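K.L.:
This is the structure I want to talk about, given as C-alpha cells.
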Amino acid sequence: MSEDVEFIICNNCETPCYSFELDRKGNVATAYCALCGADEAKDFRLPEAEDVEDQG
76 MSEDVEFIIC NNCETPCYSF ELDRKGNVAT AYCALCGADE AKDFRLPEAE DVEDQG
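Take the working numbering: the last position of the sequence shown gets the number 131, and nothing is skipped along the way.
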C-alpha cells in the first residue's frame, strides 16, 4: 500500500478505526478501537480494497 492509510480495521468488531500509528514498514504499531476497546496492534489490520470502497 503506497498511499496514506486513512483508517484500519478492528479484527474484533470489524469497525474502522482512526486512532492508530504505523511503523516504518507500514504495519500497525499502536491503535485503539473506540467501539470495543481493543488496543493491541495484533487486534487490527490494514484495510483491503473492499473495505476502502465500503467507506467511500
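Note that the Cβ used here is the ideal one computed from N, Cα and C, for glycine as well. Since the model is a prediction, treat every value here as computed from it, not as a measurement.
Which partner residues does residue 97 have in the DSSP bridge list?
P.N.:
103
K.L.:
Give the straight-line distance between the Cα atoms of residue 61 and residue 105, rounded to the nearest whole angstrom.
P.N.:
Since the first residue of the chain shown is 76 and the last is 131, residue 61 is not available in this structure.
K.L.:
By Cβ distance below 6 Å, which residues in the same chain neighbour residue 107 in space, the five residues on each side in sequence not counted?
P.N.:
94 and 114
K.L.:
For residue 83, which residues from the same chain have a beta carbon less than 7 Å from its beta carbon, with the 5 sequence-adjacent residues on both sides left out?
P.N.:
92, 95, 103, 106, 119, 120, 121 and 122
K.L.:
Suppose you measure from the CA of residue 112 to the CA of residue 81; what does that come to, to the nearest Å?
P.N.:
19 Å
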